[in-house]
Structure formats: C-alpha cells, structure tokens
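Peer 1: Below: one structure in structure tokens.
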Amino acid sequence: MRGFVDNLGLAFNTLRGNPLRSLLTLLGIVIGAATVVAMMSLVEGFRISVNKDLEGLGAGSFQVQKWPATFGHVDRAKYAKRPDLTREQGDALRSLPHVGHVSIEAYHGGRPEKISTRDRATKPNVTVGGGVPDYQFANAITIAQGRFFTDTDIALGGRVAVVGADVADVLFPGESGVGKEIRIRSTPFTVVGVAERRGSTLGGSQDGWVIIPLDPYYQVLGRVTNHNIAIQATAPEYFNQAQDEVIARLRSIRGLRGLQENDFDIYSNETLTGTFNQFAGVVAAATFAVTLLALVVGGIGVMNIMLVSVAERTREIGVRMALGARRRRILSQFVIEAVTLSLLGGVLGVLLGGGGAILAREVWSIPASVPAWAVLLSLLSASGAGIVFGIYPAIRASRLDPVEAMRTE
Amino acid sequence: MTEAPLISVENLTRHYKVGEEEVRALDGVSFDVMRGEWVAVVGQSGSGKSTLMNLIGALDTPSGGSYRINGHDVEKLSDDQLADLRNNEIGFVFQTFQLLSRSTALANVELPLVYRGLPRKERKERAVKALEAVGLANRMHHKPNELSGGQRQRVAIARALVGNPSLLLADEPTGNLDSATGEEIIRLFGELHQRGHTILLVTHEPRLAARCPRAIRLSDGKVVADGPGADVASLGAPPVPSPHPGAAA
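Chains as they are written, first to last, in my numbering: chain A, 1 to 409; chain B, 1001 to 1249.
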C-alpha cells in the first residue's frame, strides 16, 4: 500500500512535468468520457421526463388511440386510413365487466386557444379538450378547488369548465375561480373546478388546459369525429382483463375479423415505458460504440506517451533498479502512471460532459440529469484503458537491464 | 577461528557472446574482502573491472564461479532477491552520479529506503542524517542541476550510505570531477573508511589506487596483482613516490 502511494506521487510528478503533452494525449479519453456522460445525461433526463408525463395516466389506466404512441418515425399514411374512434364506440365500452371508467376525449390536434374573462386573458397557449365526467379518474386529475363536472352539469346544458392551475393563475390571480365565467371563442363557460398543479415536464407546463363537456366542445370548437379513449379498469389487478375486453369489443364493433390487425393502438404506462426504453437502448448502444472508439484512440495515445516516457527515463529506471526496485515495482509504477493519466482524462471528460449537460438544462431547458452510474462507468473505462494500454510500456520498462539502462543518456 | 570475509569471490567468470566470438570479460577471478577494508580495483579499460563491479553490485550474474557477500550466495539468487540484496547490502557511487534529475537531493537520498518499504517519516529522518554526514544539510531541497559536481557526488554518497549497507561500491567516483573536488571526495572516502565502512573503489587511476590500503589489479579478466595499494598501483605504471619507502615488491 505504501508502495502504491509512492508510485502515485511519482505519477503526478510526471504529469506536472509535461502538462501539455499529458493533456493532448488524454484528448481521446476525455472525449470518450464526455460523450458517455453527456449522452447518458440526456437519455436519463428524457426518461425522468417521460415517466413524469406518464404519471398523468391514472393507475390501471390505458389509452385507446387511432395513432400509435412511439418515438421516432411514424408512417402517417398507414394510420390515417384507420377509421376514427367515435364517441359511440367509446360509450359501447362502458358495459364491459372489468371496465370502470371510460373517458372519451376530443382535441383539435392540440391546437391552443386563448381564454378570457371580462378583465383578463391568457396567451393563446391553452389546450382545450372535450371530455366526460370519467375524464377525472382516467387521467388522475386532482381538484384543488370546486369539483369536476358531472352528468347533471351536462344534462343541464353543460356550459361548464374545469381549468388547469396555470389558467387559474392568469385569469383569477389571488382568488378562487370557482363560479366565475370564462370565455372560449366568445362563448361563456362557468368554472366549476380548478385542478391541482402538476408541474412541468420536458420543459413545458402541464397546467395550461381547460376541459369542457363534449357537446359544447363540438359546438364551440367544431365537430371532431376521432377521439382518444382512456380506460380505467374496475381495479388495478383487472388491468389485463379490461384491456382484453376492450380489444375484443372494439374489434367486433369496428368489423375486424380473424387475423386482421387491430386498427387502433392501445398503450399504457408500461408499453410507453417499454417503447421509450427501446429508444434509449439504441442511443446507449450508439454512445457505447462512439465511446469504445474514443477509448481505443485515447488508449493508443496513452500507450504512445508511456513508451516515450519509458524511453526518456531509461536511465532513471536503471538507477531505481540498482537501488533495489524489484521489476514488479517498476511495472506497477508505470501502470499506475498510465492509469492516473487516463483517469485524469476520465475526470476531465466527466466534468466536460456533465457540465455540458447541466448547461444545456439550465440555459436551454433541455431535460438532462447526470446519472451516477454513467460517471462511474466513464471513470472505470478510462482506468481500464489505462491498464490495458499502459501494461505493454510498463512491461518494457520492467524488463530493462539495469546496467544497460544506466548507460543511456 | 578467523572472521568470515564480507566478500568472497571464487573463480568468477563472465563471458559475453559478441557475434560468433566469445569475450571472456572475467576469466577466473578470486579474492576476499574483509569487513572494514578499503580496496581499489585497478586496471586499464577492458581489463574487466566494470564487469567485476557489476557482478559484485549484483547488477549482473556470472557465467561461472561463486560470489558471496555477507553470507548470501549471489549466483543462486532470483531477480527479486538480487534487487533486495542491492537494496540492503550495497551502496552504489557512480562516476556519472546517477541522480534523478527531477527529484531533490533529499528525495534522491530517500530512494533506497522507499524500496525498502520504510515509512515516510523514518525515510526522511535517515536521509537528512545521511546528507548531514556528507556536509550537505543546507542543500537538501536543491535539485541536482542546482548543485556542483562535487555536491552531486556527495548526494550520491549520502544515498549510498543511507541504507546502512555492508559494502560501499564506488565506480570511478572522481572521474567526472576536477582534481580538487576529486580530492575532497577521496578524502570523504577516507573518513568513511576510518568510521569502519567497507569500500570497494573501481578506478583506472593508479594515483587513486595508491591511496588505498589495498589494491587489486585486473588485466584481461584476471587478477594480476593483489597487495598494498601503493605497490599494486606502481606496477606497469609510471612510478609514483611511495608513501611507504621500502614496501615495494
């Protein structure tokens, strides 16, 4: 152990002696470590973001959509040909034994609206959705003030609305919005509930929305024929049964038979997470390929510099041997030097990659979170490169003949 | 019963292959050195004295014969044991000093103790003492290039002494020094001899050998003379005034 500490001291002396040369040598390792940390920070950040988004779906809930939920390329033409999911199809699912809540939702492709009161108005950035009372359960909406709208509200004409926390902040600062009137495209609605704040993910707020019943939605914002249907099983353990029942019922009312593919997509937290993880895996694989390459390039740099170092210090090695250094001791001196060098590169890379990720988050609101395991992995692989590529020069050093070595200049 | 010699060299040979030809650098050398002796090994270049020095210093292994130092049969030792032997039994002083240029005098002197595995504190204490003993207490944080030639050789001698070895092995220690500085170094060896150190001094200078109580002359890999320094030094060399009139053979 004492020998190790002494060797470590020697290693740092060498680095101090040739700072520029050491730094240039380390470039490959620095780039490798920085790549791993930066890429993994981005993937990790997105993962956290996506998971937070998915919490929006209530427990034991799943979504039925015409459009698939995937990352990356989607063949839009294929899905556009699918028939719409109608309100009637949604209603037909209510009678299924393990289906608890059926939330039929209408959006105009997420086009934002401006919401106003007599005194104030939001920016035109509010998502307005049409829904049914079950919306609250299938989407896990918690009401802070008032209540969600009910079947009675709808029966009475239904110009009611539940608003997200951001909308309430803008329109009703410092007071309760319950019972107040808001206007959507000049049509008045009465606010019956204000939702609890959900916070923001992926750099965007999750609280800029208004939900109104479906019929007024069609009247004010225009008829839509395709709907999202969110379903909550009667209990979380019936999740699979509920999903099977829904698929069977939808296939039958949409006229699918036998081996025909479903013309709708079902996804839940689990399937979305799976899809995302697939995407993350591809990114990770690509990152590892880049990193491996950088490590090999960096490692060759380390080997090169260590060979130079051994050649330059041949006389010193001879002296050390004459004074009683065993060959193994010389070997470990140079291996430790190589590892110290590479580890320094790893640390620089981690600082660079992690710093870059944090900068991206703070300055451009790109979700990034530096995972500890990526830092550890970078440092370990940097050290590994040091050992692998430092061993050959170290062996050469340890095999020198002391008499010959002391004769060199 | 007499005391066992510190060094016992018996019929030692060292052959090298140079191309197809075999060079007999050492060709059957035998002698003993007792504890506390100061012995010069003299000879022309090519006489085999460097080879002998490397063998006695355990830096090289012989082709034949035997060599014992302080009870160790050197020709039977492994690589690691040889390293330990150099560390514990031998203090080297080289013509070109062989100091580590990037380390301070103190760090240089500590080096043998590093390989002995001593704790930092003890290393430092002993190195400081060794530097004091050679009169360099005020230069210990200087690097070799900040020291004069004589001072560098003193650092090297301190490094040789620090491990308290049984043998001080000096190879042309004045070869890179001017005559006044060389004289200082030889006087330092004289003091060390007075204090009981065993010294083997390899030199091509008869003048130096003449100052040693005993000298061994090598020629073509063989011992051709072994006796009082002044006598051996005068053999085959320009005669020098002998400090012991009438002692010449």
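By construction, the Cβ of each residue, glycine as well, lies at the ideal position given by its N, Cα and C atoms.
Quick check for students: name the residue ranges of the alpha helix (DSSP H) that lie wholly in the region 307-338 of chain A, counting only runs of 4 or more.
Peer 2: Fully enclosed alpha helix (DSSP H) runs of no fewer than 4 residues occupy 314-322 of the region 307-338 of chain A, in order along the chain.
Peer 1: Does F1092/B come within less than 8 Å of chain A when only Cβ atoms are used?
Peer 2: yes
Peer 1: Identify every run of the beta strand (DSSP E) within the region 249-275 of chain A, keeping only runs that are complete inside it and at least 3 residues long; order them along the chain.
Peer 2: 265-268
Peer 1: Quick one: what's got a C-beta closer than 6 Å to D265/A's C-beta in the same chain, skipping five residues either side?
Peer 2: Q65 and P68
Peer 1: Answer yes or no: does any C-beta atom of chain B fall closer than 8 Å to that of G299/A?
Peer 2: It does not: the Cβ of G299/A has no partner Cβ on chain B nearer than 8 Å.
Peer 1: Specify whether the region 341-359 of chain A and the region 25-45 of chain A touch according to this definition: at least 3 beta carbon pairs, one from each stretch, less than 8 Å apart.
Peer 2: yes
Peer 1: Assuming contact is defined by CB atoms lying nearer than 8 Å, are V1093/B and P1173/B in contact in what I supplied?
Peer 2: yes
Peer 1: If the cut is a Cβ gap below 7 Å, which residues of chain A does Q1098/B touch?
Peer 2: V319 and M406
Peer 1: Between P1228/B and chain A, is any beta-carbon pair separated by less than 8 Å?
Peer 2: No, because no Cβ of chain A sits closer than 8 Å to the Cβ of P1228/B.
Peer 1: What residues from chain A crowd round P1144/B, counting only those whose CB sits closer than 7 Å?
Peer 2: Result: empty, since nearest Cβ-Cβ is about 12 Å, beyond 7 Å.
Peer 1: Can you list the beta strand (DSSP E) stretches of 3 or more residues lying completely in the region 1053-1137 of chain B, in chain order?
Peer 2: Counting whole runs of 3 or more residues, the region 1053-1137 of chain B contains the beta strand (DSSP E) stretches 1064-1069 and 1090-1093.
Peer 1: With hydrogens ignored, establish whether the beta-carbon of L20/A is closer than 7 Å to any heavy atom of the ligand GTP.
Peer 2: Absent from the structure shown: the ligand GTP. Ligands present: none.
Peer 1: What are the residues in the region 1168-1188 of chain B lying within 8 Å of chain A by C-beta distance?
Peer 2: none
Peer 1: According to the neighbour-count rule (16 or more other Cβ atoms, all chains shown, within 10 Å of its Cβ), is L96/A buried or exposed?
Peer 2: Buried.
Peer 1: Strictly below 9 Å CB to CB, what residues from chain A border P1005/B?
Peer 2: Under the 9 Å cutoff, chain A gives no residues; its nearest Cβ is about 23 Å from P1005/B.
Peer 1: Using only CA atoms, which one of I391/A, A405/A and L344/A lies nearest to A34/A?
Peer 2: L344/A
Peer 1: Going by the beta-carbon positions, is the gap between G386/A and A338/A smaller than 8 Å?
Peer 2: yes
Peer 1: Under the rule that 16 or more other beta-carbon atoms within 10 Å means buried, what is W209/A, buried or exposed?
Peer 2: Only buried fits W209/A, as 16 or more other CB atoms lie within 10 angstroms of its CB.
Peer 1: Tell me, which residues are paired with E105/A by DSSP?
Peer 2: Looking at the DSSP assignment, E105/A forms a beta bridge with N228/A.
Peer 1: Starting from V141/A, trace the alpha helix (DSSP H) in both directions and tell me its first and last residue.
Peer 2: The residue you asked about is not Val; residue 141/A is Ile in the sequence shown. I141/A -> no alpha helix (DSSP H), and no H or E assigned at all.
Peer 1: Does DSSP put N1176/B in a helix, in a strand, or in coil?
Peer 2: coil
Peer 1: Report the residue from V160/A, S205/A, D207/A and V319/A whose alpha carbon sits nearest the alpha carbon of L216/A.
Peer 2: In the sequence under discussion, the amino acid at residue 216/A is Pro, which differs from the Leu named in the question. Nearest of V160/A, S205/A, D207/A and V319/A to P216/A, Cα basis: V160/A.
Peer 1: So P367/A contacts chain B; which residues on that side make the cut at Cβ distance below 8 Å?
Peer 2: The contacting residues do not exist; P367/A stays about 48 Å from chain B at best.
Peer 1: Do T340/A and F62/A have their CB atoms nearer than 8 Å?
Peer 2: In this structure, F62/A does not lie closer than 8 Å to T340/A by Cβ.
Peer 1: If I1056/B and L1169/B are in contact, beta carbons under 8 Å, what's the gap, nearest whole angstrom?
Peer 2: About 6 Å separates the CB atoms of I1056/B and L1169/B; that is less than 8 Å, so the two are in contact.
Peer 1: Check whether chain A comes within 8 Å of Y1115/B, counting only Cβ atoms and requiring the distance to be less than that.
Peer 2: yes
Peer 1: May I ask you to report which of helix, strand or coil DSSP gives L24/A?
Peer 2: helix
Peer 1: Which of the three DSSP states is assigned to T1051/B in this structure?
Peer 2: helix
Peer 1: In the DSSP assignment, what residue or residues form a beta bridge with Y1016/B?
Peer 2: V1023/B
Peer 1: Between the Cα of S342/A and those of V388/A, R320/A, V170/A and I229/A, spot the shortest distance and give me the residue it belongs to.
Peer 2: V388/A
Peer 1: Could you tell me whether any Cβ in chain B is nearer than 8 Å to the Cβ of L323/A?
Peer 2: yes
Peer 1: Please list the terminal residues of the continuous beta strand (DSSP E) segment that includes T190/A.
Peer 2: T187 to A195
Peer 1: Taking 8 Å as the threshold, find out whether the region 389-403 of chain A comes into contact with the region 317-335 of chain A through three or more Cβ pairs.
Peer 2: yes
Peer 1: Within the continuous beta strand (DSSP E) that includes P213/A, where are the two ends?
Peer 2: W209 to P213
Peer 1: Counting contacts by CB-CB distance shorter than 8 Å, is R1024/B in contact with chain A?
Peer 2: no
Peer 1: Between L1118/B and S1101/B, what straight-line distance do the alpha-carbon atoms span, to the nearest angstrom?
Peer 2: 23 Å
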